[in-house]
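First residue of the sequence shown? That's 3 in our numbering, and the numbers climb one at a time after it.
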Amino acid sequence: MREAPTKTYLCTGRVIREDDTVEGALAAVAWGTAPTPEIAIRADENGIFRLALPSGQFRVEARAPDGAIGQIELMIESAPQDFEIVLKRR
């Protein structure tokens with residue numbers, strides 16, 4: 003018998019540093035309670051990226067071209083979420 007596909011939610015993230023968006027940052031799920039198909043997504047000129055996530059808990063990390071990094075913990079339940087990742091210098 004074939005399994006039904008897992009429902010995913012298209013979540014929108016924004017990468018920021020000191021109230022300014024970060025173009026070209028790479029974002030990826032670093033850890034999660036459910037498998038995700040994403041490897042890494044590059045933020046657009048407004049620091050925006052989108053991830054398709056199933057229900058569960060996830061840690062999403064972002065890294066700017068200059069090496070600054072940040073992360074956020076998310077709990078996805080029954081709706082997509084909008085979130086921001088604040089970068090800090092290493």
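Using N, Cα and C, we set each Cβ at its ideal position, and we do this for glycine too.
Spatial neighbours of residue i in its chain, beta-carbon cut-off 7 Å, leaving aside the 5 residues before and after
i	result
Arg16	Thr23, Gly49, Ile50, Glu86
Cβ-Cβ distance between residue i and residue j below 8 Å
i	j	result
Glu25	Glu47	yes
Reference residue i; option with closest CA among the options
i	options	result
Gln73	Gly58, Leu55, Cys13, Ala29	Ala29
Ala45	Gly69, Arg65, Arg91	Arg65
Rounded C-alpha distance that separates residue i from residue j
i	j	result
Pro67	Met77	27 Å
Asp21	Lys9	33 Å
Gly34	Ile18	22 Å
Val88	Tyr11	22 Å
CB contact below 8 Å: residue i versus chain B
i	result
Gly69	No chain B is part of this structure, which consists of one protein chain only.
Residues near residue i by beta carbon distance below 8 Å, same chain, minus five either side
i	result
Cys13	Arg52, Leu53, Ala54, Leu55, Leu76, Ile78, Pro82, Gln83, Asp84, Phe85
Pro39	Ala54
Other residues of its chain near residue i: CB distance less than 6 Å, five sequence neighbours each side excluded
i	result
Phe60	Val31, Gly34, Leu76
Ala36	Pro56, Gly58
Residue i in three-state terms, based on DSSP
i	result
Lys9	coil
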